[in-house]
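What follows is a short report on a single structure.
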Amino acid sequence: MKDLLSYAIKLEGAGGKTLPPVHKWHPEFCGDIDIVIKPDGTWFHEGTPIGRARLVRLFSTVLRRDGDDY
Numbered sequence: 001m002k003d004l005l006s007y008a009i010k011l012e013g014a015g016g017k018t019l020p021p022v023h024k025w026h027p028e029f030c031g032d033i034d035i036v037i038k039p040d041g042t043w044f045h046e047g048t049p050i051g052r053a054r055l056v057r058l059f060s061t062v063l064r065r066d067g068d069d070y
């Protein structure tokens with residue numbers, strides 16, 4: 001989580017124009033998170049819409065697909 005916060009601060013300073021090198025990240029599986037992205041682009045966490053656009057933007061930059069998994 002500390003690395004994610006550090007990255008968020010860097011993104012904010014860069015105007016959000018850079019993308020993280022997710023192709024280089026290979027973290028260990030640490031559990032499932034109840035996050036859903038609806039077809040209209042609304043993000044939900046545990047059934048509640050995520051209202052903070054900056055948080056959604058941060059999550060969107062670190063989402064990646066590995067095979068059939070995200």
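In terms of the UniProt record's numbering, the sequence shown is numbered consecutively and its last residue is 70. All residues carry an ideal CB built from backbone N, CA and C; glycine is no exception.
If you measure between the beta carbons of residue i and residue j, is that distance less than 8 Å?
{"i": "Phe44", "j": "Val56", "result": "no"}
{"i": "Arg54", "j": "Val22", "result": "no"}
{"i": "Glu46", "j": "Asp32", "result": "no"}
Specify, as a first and last residue, the run of the beta strand (DSSP E) that residue i falls within.
{"i": "Phe44", "result": "Trp43 to His45"}
{"i": "Ile35", "result": "Ile35 to Ile37"}
Span of the alpha helix (DSSP H) holding residue i?
{"i": "Val22", "result": "Run containing Val22: none; DSSP gives neither H nor E here."}
{"i": "Arg54", "result": "Ala53 to Val62"}
Between residue i and residue j, how many whole angstroms is the CB-CB distance? I'm expecting something under 8 Å.
{"i": "Val62", "j": "Pro20", "result": "6 Å"}
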